[in-house]
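**Q** Chains as they are written, first to last, in full-length UniProt numbering: chain A, 1 to 430; chain B, 1 to 430. The beta carbon of each residue, even a glycine, is placed where N, CA and C say it ideally should be. These figures come from a predicted structure and were not determined experimentally. The structure that follows is given in the form of structure tokens.
There are 2 protein chains.
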Amino acid sequence: MVERRTPISIGECVRKVTQYAKNGKKETISLESASGRFLAEDLIADHNVPSFDRSPYDGFAIRSEDTRTATSHHPVSLKVAGEIGAGMVFDGQVGAFEAVRIMTGAQIPEGCNAVIMLELVNEFTEANQKFIEIKRSLNEGDNISFEGEDTTKGAVLAKRGTYINPGITALLATFGYSNVPVAKKPIVGVLATGSELLEVSEQLKPGKIRNSNAYMILSQIERAGGEFKYLGKLDDDFDSCFMAVKNALSEVDMLITTGGVSVGDYDYLPAIYDKLGAAVLFNKVAMRPGSVTTVAQMNGKLLFGLSGNPSACYVGFELFARPAIRIQLFNDRPHLKRETAWLGEDFTKPNPFTRLIRGSLSYDEGRLLASPSGFNKSGAVSSLATADAFIVLPGGTRGYQKGMAVDVLLLEDVQGSEWPWDNIVPSYRM
Amino acid sequence: MVERRTPISIGECVRKVTQYAKNGKKETISLESASGRFLAEDLIADHNVPSFDRSPYDGFAIRSEDTRTATSHHPVSLKVAGEIGAGMVFDGQVGAFEAVRIMTGAQIPEGCNAVIMLELVNEFTEANQKFIEIKRSLNEGDNISFEGEDTTKGAVLAKRGTYINPGITALLATFGYSNVPVAKKPIVGVLATGSELLEVSEQLKPGKIRNSNAYMILSQIERAGGEFKYLGKLDDDFDSCFMAVKNALSEVDMLITTGGVSVGDYDYLPAIYDKLGAAVLFNKVAMRPGSVTTVAQMNGKLLFGLSGNPSACYVGFELFARPAIRIQLFNDRPHLKRETAWLGEDFTKPNPFTRLIRGSLSYDEGRLLASPSGFNKSGAVSSLATADAFIVLPGGTRGYQKGMAVDVLLLEDVQGSEWPWDNIVPSYRM
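Below is the structure:
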């Protein structure tokens with residue numbers, strides 16, 4: 001007999017997963033290798049930036065009061081009392097009608113309160129003494145980068161869980177993090193099941209397909225920020241699948257399988273979860289594709305049973321496994337980012353289930369436009385290549401027309417969202 | 001005397017760089033390690049997908065003509081003539097009023113032309129023979145995934161230079177690429193100059209700053225798809241800088257330096273290019289920040305002289321070095337993606353130069369909104385942390401108001417654009 005399963009809403013299913021998702025471990029790595037990782041601690045400014053009043057230009061540090069009367073007809077001459085290279089500090093005190101040659105980034109000498117750019121002065125020498133001639137008046141503070149104007153000491157510049165982009169890398173260097181505390185990448189095991197699967201290197205045979213889901217998932221794990229451990233593919237045989245799942249659990253932080261979760265005679269995952277003593281969180285999601293997605297937990301470790309259909313597998317990963325990985329990375333916006341976009345194509349046939357259409361985003365004069373990225377059946381693979389969003393079409397009794405505002409979930413975004421699943425409803429604006 | 005340099009428009013400068021940028025080399029790597037790389041050859045379908053008519057569901061393969069009279073009051077009974085697991089092929093011919101048990105993904109047996117889902121039939125057994133009862137009529141082709149409906153043999157599924165995302169990975173696996181021809185990452189050397197620079201691990205000292213630019217550039221190189229070779233930092237000393245640049249050139253595909261390109265007394269890069277015999281492509285860009293950005297070429301190898309100011313350095317990399325890296329990766333959209341956004345803040349003070357404001361993007365009901373990401377002086381570092389776009393404010397005699405449409409260049413995007421630099425003009429729409 002066919003098992004009857006009760007479909008649960010996407011949001012409720014994701015909530016169940018996040019209840020078992022937990023923060024991971026911390027490790028310290030070199031700054032050179034930290035790009036693309038996630039901070040395991042808040043990044044705090046250990047000093048003001050700049051840490052001293054400095055010159056943003058090559059030029060001369062002066063006392064603005066000396067230039068009060070300067071015009072192009074009546075220039076003011078200042079004696080060049082010295083020179084400071086970047087990284088050098090001027091020892092003396094600068095007196096009235098004196099100037100100091102200063103390089104970009106160098107500290108403003110004692111007594112000076114403005115900088116004039118090199119291009120704006122005339123230099124001349126009299127009796128072996130250098131002078132400059134200034135043809136305009138300056139105000140106190142002109143062309144000075146003041147201590148702390150960029151960042152003040154103690155400021156939290158990036159929170160734990162932040163993705164390390166080039167700007168964060170620059171801040172880490174500025175504040176002395178030659179070693180960076182980052183989230184250890186969770187080890188995510190991947191196991192493909194299905195007697196129809198060929199190795200990628202094998203020739204096609206009648207009735208068989210190459211194992212594409214496993215490699216797709218490895219790539220999704222990397223995009224999410226995790227580390228994959230590929231555990232191979234298995235035929236539909238209960239005992240070997242059971243042993244493989246059981247052994248995998250001791251080696252990984254979470255386990256993803258693809259295939260075997262439906263209600264067919266060779267779908268062994270439900271029975272495997274049962275024999276393991278794993279608690280099934282849900283086994284039917286009110287969505288298309290991916291309704292058979294099953295998630296279980298055992299001793300707090302998550303087991304993701306994704307569909308064997310490529311598109312359904314892809315969707316199941318992004319909705320359920322991605323947030324679990326991002327939570328391990330201390331990220332507090334672990335879900336796909338949700339935005340509003342204008343639908344680029346009609347979906348006139350109603351569907352009782354919420355659909356997640358693989359879509360491509362584009363902009364039309366700054367308006368986000370979402371169109372299906374190709375052939376969109378649950379078994380399709382070609383539409384995944386150009387997909388950078390899911391178009392969310394809530395289930396119901398009516399269809400959707402081109403030009404309507406719809407929710408989209410962004411796939412290539414590193415910001416994420418805290419919780420995208422509230423009030424996903426159709427909005428029939430045109 | 002101060003050298004007078006003539007500013008050249010951004011587009012013209014980028015054009016000069018791309019004239020010397022060239023495609024890189026190809027290498028073959030395993031499918032598991034191909035994520036995030038760029039294809040070195042077109043990805044072509046070597047077979048139809050599906051490669052045979054198959055069942056998208058668990059159920060029974062039937063002949064639709066046998067169900068013509070089936071209703072809930074007058075169901076039709078079909079004899080179960082056999083069973084096919086996924087990956088198996090049914091040998092015989094299915095006759096009138098026969099059905100074959102079929103699993104998801106399995107090949108439709110000879111003689112059948114529709115599939116009915118498992119949930120929609122009643123199974124019963126009479127005299128050791130299994131039967132199913134069907135209560136509705138089916139049409140020819142119902143619930144069949146037809147050969148080639150996803151992808152047809154010979155189709156170019158992704159062009160050379162395409163970024164390998166999880167969807168592309170799935171296609172590579174489907175079409176038997178256990179080894180993938182990818183673009184070899186160009187080796188990009190990085191050298192920081194400036195006597196004011198401390199190592200990241202050093203304590204702050206008066207007048208000095210930690211070397212943040214070099215690490216920021218390493219991170220930018222990785223984001224662009226290149227491989228960095230960090231060559232250390234040097235004091236402002238002509239001979240040691242000259243030797244370091246000369247030696248670096250033989251080890252890298254292109255070289256990036258930061259600092260030493262301005263017109264100050266310690267800015268040695270122009271003299272180094274001169275002594276090397278490198279041809280300077282430009283040394284003054286009509287933009288803020290980064291106007292002193294200098295690019296030279298020697299025997300076709302590009303030397304990027306970026307500013308020592310963090311924001312100016314960052315901008316110079318993304319505008320000039322990024323496309324050179326992406327071109328090496330065979331990518332034909334090597335430049336930052338340009339879109340229209342609504343300005344989130346006033347910039348009332350006019351500036352004769354085109355400004356590239358480090359900005360953060362957000363969406364307001366599907367409209368792209370761009371706001372400055374923080375303190376935006378050329379020496380600033382904090383604004384880079386949250387920047388995911390440059391807001392382009394063309395130079396001129398007037399300012400910009402919040403709500404205006406402006407051009408933005410996206411930093412975290414993998415699509416890129418062919419040429420974003422034509423007709424970057426202010427559009428005074430509100």
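Could you tell me the boundaries of the beta strand (DSSP E) in which glutamine 19 (chain B) lies?
**A** Where glutamine 19 (chain B) is concerned, there is no enclosing beta strand (DSSP E), although the alpha helix (DSSP H) around it starts and stops at 10-20.
**Q** By a C-beta neighbour count over all protein chains shown, 10 Å radius and 16 as the cutoff for buried, is isoleucine 423 (chain B) buried or exposed?
**A** First, the residue type needs correcting, since residue 423 (chain B) is asparagine and not isoleucine in the sequence shown. Answer is exposed; the Cβ neighbour count stays below 16.
**Q** Out of A:Ile108, A:Glu227, A:Ser311, point me to the one whose CA is closest to threonine 258 (chain A)'s CA.
**A** Check the Cα spacing between threonine 258 (chain A) and each of A:Ile108, A:Glu227, A:Ser311: the tightest is with A:Ser311.
**Q** How should residue 493 (chain A) be labelled, buried or exposed, when 16 other C-beta atoms within 10 angstroms of its C-beta is the threshold for buried?
**A** Because chain A in this structure spans residues 1 to 430, residue 493 (chain A) falls outside the shown range and cannot be described.
**Q** To the nearest angstrom, how far is it from the Cα of alanine 183 (chain B) to the Cα of tyrosine 215 (chain B)?
**A** Straight-line Cα distance between these residues: approximately 24 Å.
**Q** When the cut-off is 8 Å and only beta carbons count, does glutamine 107 (chain B) lie next to chain A?
**A** Yes, glutamine 107 (chain B) lies at the interface with chain A (some Cβ there is under 8 Å from its Cβ).
**Q** Secondary structure at tryptophan 421 (chain B), three-state DSSP: helix, strand or coil?
**A** Tryptophan 421 (chain B): coil per DSSP, three-state reduction.
**Q** Quick check: serine 307 (chain A) and valine 295 (chain A), are their CB atoms within less than 8 Å of each other?
**A** Not in contact: serine 307 (chain A) and valine 295 (chain A) (Cβ atoms no closer than 8 Å).
**Q** For the alpha helix (DSSP H) that contains phenylalanine 238 (chain B), what are its first and last residues?
**A** 238-249
**Q** Taking only the alpha-carbon atoms, compute the straight-line gap between aspartate 66 (chain B) and aspartate 53 (chain B) and give it to the nearest angstrom.
**A** 20 Å
**Q** Going along chain A, which residues have a C-beta under 9 Å from methionine 404 (chain B)?
**A** Neighbours of methionine 404 (chain B) on chain A: none; closest Cβ ~11 Å, over 9 Å.
**Q** Kindly say whether tyrosine 268 (chain B), judged by its beta-carbon, lies nearer than 8 Å to any beta-carbon of chain A.
**A** no
**Q** Out of B:Ser219, B:Leu39, B:Trp342, point me to the one whose CA is closest to leucine 393 (chain B)'s CA.
**A** B:Trp342
**Q** In the segment 193-214 of chain B, which residues sit with their C-beta less than 9 Å from some C-beta in chain A, listed in chain order?
**A** Under the 9 Å Cβ criterion, the segment 193-214 of chain B contributes Gly194, Ser195, Glu196, Leu197, Leu198, Glu199, Val200, Ser201, Glu202, Gln203, Leu204, Lys205, Pro206, Gly207, Lys208, Ile209, Arg210, Asn211, Ser212, Asn213, Ala214.
**Q** Checking 8 Å against the spacing of the C-beta atoms, do residue 435 (chain B) and serine 373 (chain B) come in under that value?
**A** Nothing can be reported for residue 435 (chain B), as the shown portion of chain B is limited to 1 through 430.
**Q** I'd like the list of long-range same chain contacts for alanine 324 (chain B), defined as Cβ closer than 7 Å, with 5 residues on each side in sequence excluded.
**A** Close CB contacts of alanine 324 (chain B) within its chain, under the 7 Å cut and outside five residues either way in sequence, are with Val17, Ala21, Met254, Leu302 (chain order).
**Q** To the nearest angstrom, how far is it from the Cα of valine 94 (chain A) to the Cα of isoleucine 102 (chain A)?
**A** 13 Å
**Q** For glutamate 3 (chain A), does the three-state DSSP call read helix, strand or coil?
**A** coil
**Q** If glycine 189 (chain B) sits next to leucine 231 (chain B), beta carbons under 8 Å apart, how far is it from one beta carbon to the other, in whole angstroms?
**A** 5 Å
**Q** With a 10 Å radius around its C-beta and 16 neighbouring C-beta atoms as the bar for buried, classify glutamine 107 (chain B) as buried or exposed.
**A** buried
**Q** Are the beta-carbon atoms belonging to arginine 288 (chain B) and phenylalanine 242 (chain B) less than 8 Å from one another?
**A** Taking a C-beta distance under 8 Å as the contact criterion, arginine 288 (chain B) and phenylalanine 242 (chain B) do not qualify as a contact pair.
**Q** Assuming alanine 34 (chain A) contacts threonine 169 (chain A) under a Cβ cut-off of 8 Å, what Cβ separation, rounded to an integer in Å, is found between them?
**A** Yes, alanine 34 (chain A) and threonine 169 (chain A) are in contact; Cβ-Cβ is about 7 Å, under 8 Å.
**Q** Which residue wins for smallest C-alpha separation from threonine 6 (chain A), given the options A:Ile256, A:Asn351, A:Phe228, A:Asn283?
**A** A:Asn283
**Q** Ignore the nearest five residues each way along the sequence and tell me which others in phenylalanine 97 (chain A)'s own chain have a CB closer than 7 Å to its CB.
**A** The answer, listed in chain order, is Asp66, Leu78, Lys79.
**Q** Return the first residue and the last residue of the alpha helix (DSSP H) that glycine 167 (chain B) is part of.
**A** 166-174
**Q** Can you find a CB in chain B that lies within less than 8 Å of the CB of arginine 37 (chain A)?
**A** no
**Q** Per DSSP, asparagine 179 (chain A) is paired with what?
**A** A:Ser30
**Q** Where alanine 286 (chain B) and isoleucine 10 (chain B) are concerned, what is the direct C-alpha to C-alpha distance, given to the nearest angstrom?
**A** 6 Å
**Q** Could you please give the first and the last residue of the uninterrupted beta strand (DSSP E) stretch that includes glutamine 129 (chain B)?
**A** 129-134
**Q** Look up methionine 430 (chain B) in the DSSP assignment and say whether it is helix, strand or coil.
**A** Low local confidence applies: a pLDDT of 34 at methionine 430 (chain B) is under 50, so the model's placement there is unreliable, with the coordinate-based value given in what follows. Correct three-state label for methionine 430 (chain B): coil.
**Q** Quick one: does isoleucine 187 (chain A) have its CB under 8 Å from some CB of chain B?
**A** no
**Q** Just the C-alpha distance for asparagine 309 (chain B) and alanine 248 (chain A), rounded to the nearest angstrom, thanks.
**A** 50 Å
**Q** What would DSSP say about glycine 300 (chain B), mapped onto helix, strand or coil?
**A** coil
**Q** Since proline 206 (chain B) and arginine 338 (chain B) should fall inside the 8 Å C-beta cutoff, what is the C-beta to C-beta distance between them, to a whole number of angstroms?
**A** With a Cβ gap of about 43 Å, proline 206 (chain B) and arginine 338 (chain B) do not count as contacting.
**Q** Please report the distance separating the alpha-carbon of alanine 155 (chain A) from that of aspartate 42 (chain A).
**A** Taking C-alpha positions only, alanine 155 (chain A) is separated from aspartate 42 (chain A) by approximately 10 Å.
**Q** Identify whether glutamate 339 (chain A) lies in helix, strand or coil by the three-state DSSP scheme.
**A** strand
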